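Participant: Line by line, the protein sequences are chains A and B. All residue numbers for the first sequence refer to the working numbering, where the first residue is 31 and numbers rise by one. All residue numbers for the second sequence refer to the working numbering, where the first residue is 31 and numbers rise by one. Quick one: structure below, then a few questions.
There are 2 protein chains.
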Amino acid sequence: MSASTNYKELSIGELNRNKILNAAEKEFALHGFKGARVQAIADRAQLPKTNVLYYFKSKESLYLALLEDILRLWNSRFDEATVGDDPAEVLAHYIADKMEISRCRPYASKMFALEIINGAPNLNEFFKDQHASWMAGRVDVIKQWIDQGKLAATDPHYLLFNIWATSQHYADFSVQINELRGKPMTQSDFAEATNNLIKLILTGCGLTVPSKFE
Amino acid sequence: MSASTNYKELSIGELNRNKILNAAEKEFALHGFKGARVQAIADRAQLPKTNVLYYFKSKESLYLALLEDILRLWNSRFDEATVGDDPAEVLAHYIADKMEISRCRPYASKMFALEIINGAPNLNEFFKDQHASWMAGRVDVIKQWIDQGKLAATDPHYLLFNIWATSQHYADFSVQINELRGKPMTQSDFAEATNNLIKLILTGCGLTVPSKFE
DNA sequence: TAAAAACTAGACTATTTGGTCAAGTTTTTT
DNA sequence: AAAAAACTTGACCAAATAGTCTAGTTTTTA
């Protein structure tokens, strides 16, 4: 689905599926589930509407396939971090990973944001449970870091919310950001914003920024 | 429009207009402009659909009226701050104001978020210009604070983006937050989150948190 | 190379949608 | 109290929409 998908070596079906997923991601990010039109997705994919419904049996199943793809994006090195790891390194990389997603997959981020804002009507209990247990595990590791004096005392929930909020903002609110900056964010602007954010969050936790991110 | 609107002393028209705006705010926040249904707004307002279109001549004009109301929410004391003011006081209050909006007007925040995510198709040039010049003014004041050594050197744009991102997140992503915390945010949770956020941002700028927010 | 599977696509349909119309009733004004 | 203005509401309509059906063409398989 990413912009850099290599279309060679793919069967017609795989190629079309990718075209459709790419197109749908944009339409859903631009209009939400209810607002997106199958015809608009087809036009964007340069295929007849019937083809879209041939590959994905309904608008809903297309949306769900896409959502599943997007949820996989959320995996990161932070998932396996333990008390033994260096919180400054782990958190800095986690923030950098999140910023990279905002830069490379803005439509995926927007689609996910819409899904949550709209009340998460399509995230099933399985995902919610999985997400909640991921959260519990991460909160636990952060608390242990705090107990060991590696990290200033802070609520781990709020810490993670702040990281998500700030990093995703660069994708979700890109239109406002570009308008107010007067120019779009280049790759090096993103690098700067990333280091700025890492500094803010880590300093706020009493951590020293790893030299790689200065 | 706020949940606490006093319905007494209002004419029938004003009362119904308020009912409709309240209902529409939720529907637009839940489904976006294209996805929202006039019938659903009418049902939520407990009025026949025709009445909705009597008070607001089209779905679009209802949306625009609402958006205009919401943009007024963005006004704050920070708008008139000058170099002479104490940045710690000003920024702490600004963050607290933003958090208060997220607590009291979550649907307004969500509706605005959808509008921006969807590419701001309904924000006219007048608003954009006004917003850009507000931004320029605020960036200027922050830069002067930095020049005077009142504030650590940081990009004023990113500082403001971070404040918006983190505070609005509590409204826009409330569903995710409630799910992961296992319980909804109470007023005192909000107070805690506000102080936590003020500490993070101000510390990150080399400022001391005013005692009121500790 | 023949059969099967995968793919393409126009025509069509049932339903939903935003919005209009016309015929009222209620409230306000004078 | 009469006239005007404000408000209410069911019936209706044209356009748009997700999805189906059928009849093909192309690609893969054996």
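All C-beta atoms, glycine included, are put in the ideal place defined by N, C-alpha and C. The model shown is predicted, which means the values in this text are computed figures rather than measured ones.
Along the alpha helix (DSSP H) that carries residue 157 of chain A, what are the first and last residues, could you check?
Facilitator: 155-177
Participant: Tell me, please, whether the CB atom of residue 50 of chain A is closer than 7 angstroms to any CB atom in chain B?
Facilitator: No, its Cβ sits nowhere closer than 7 angstroms to a Cβ of chain B.
Participant: Give a yes or no on whether 7 angstroms exceeds the smallest Cβ distance from residue 74 of chain B to chain A.
Facilitator: Nearest CB-CB separation between residue 74 of chain B and chain A: not below the 7 angstroms threshold.
Participant: Exposed or buried, residue 117 of chain B, counting other C-beta atoms within 10 Å across all chains shown (16 or more means buried)?
Facilitator: Residue 117 of chain B should be labelled buried.
Participant: For residue 31 of chain A and residue 137 of chain A, I'd like the C-alpha separation in whole angstroms.
Facilitator: Confidence is the limiting factor: at residue 31 of chain A the pLDDT is only 37, short of 50, which leaves the residue's position unreliable and the question unanswerable from this model.
Participant: Which chain A residues sit within Cβ distance under 7 angstroms of residue 191 of chain B?
Facilitator: 199 and 207
Participant: Output the distance between the C-alpha atoms of residue 34 of chain B and residue 56 of chain B, rounded to the nearest integer angstrom.
Facilitator: Reliability fails at residue 34 of chain B, whose pLDDT of 31 lies under 50, so the model's placement of it is uncertain and no value is given.
Participant: Relative to the alpha-carbon of residue 168 of chain A, which residue among B:90, B:77 and B:211 has its alpha-carbon at the smallest distance?
Facilitator: B:211
Participant: Using CA atoms only, rank isn't needed, just tell me which of A:147, A:98 and A:82 is closest to residue 61 of chain B.
Facilitator: A:147
Participant: Could you tell me which chain A residues have their CB closer than 7 angstroms to the CB of residue 188 of chain B, listed as they occur along the chain?
Facilitator: Per Cβ cutoff of 7 angstroms: 223 and 226.
Participant: Near residue 242 of chain B, what residues of its chain come up, given a Cβ to Cβ distance below 7 angstroms and the 5 sequence neighbours on each side ignored?
Facilitator: Closer than 7 angstroms at the Cβ level, and outside the excluded window around residue 242 of chain B, lies no residue.
Participant: Identify, in the order they occur along the chain, each residue of the same chain with its Cβ nearer than 7 angstroms to the Cβ of residue 115 of chain B, setting aside the five sequence neighbours on each side.
Facilitator: none
Participant: Quick one: using the 10 Å Cβ neighbour count with 16 as the cut-off for buried, is residue 135 of chain A buried or exposed?
Facilitator: buried
Participant: What's the C-alpha gap between residue 36 of chain B and residue 124 of chain B?
Facilitator: Annotation note: pLDDT 37 at residue 36 of chain B (below 50); position unreliable, no value reported.
Participant: Using beta carbons (cut-off 7 angstroms, strictly below), is residue 150 of chain A in contact with chain B?
Facilitator: Put simply, the CB of residue 150 of chain A is near chain B, with a gap under 7 angstroms to one of its CB atoms.
Participant: In or out: residue 208 of chain A buried (at least 16 other Cβ within 10 Å) or exposed?
Facilitator: exposed
Participant: Would you give the residue range spanned by the alpha helix (DSSP H) that residue 135 of chain A belongs to?
Facilitator: No alpha helix (DSSP H) contains residue 135 of chain A, which DSSP labels as neither H nor E.
Participant: Return helix, strand or coil for residue 182 of chain B, following the three-state DSSP convention.
Facilitator: coil
Participant: Could you give the first and the last residue of the continuous alpha helix (DSSP H) run that contains residue 76 of chain A?
Facilitator: Residue 76 of chain A -> no alpha helix (DSSP H), and no H or E assigned at all.
Participant: Taking the alpha carbon of residue 89 of chain A as the point to measure from, which residue in A:228, A:58 and A:184 has its own alpha carbon closest?
Facilitator: A:58
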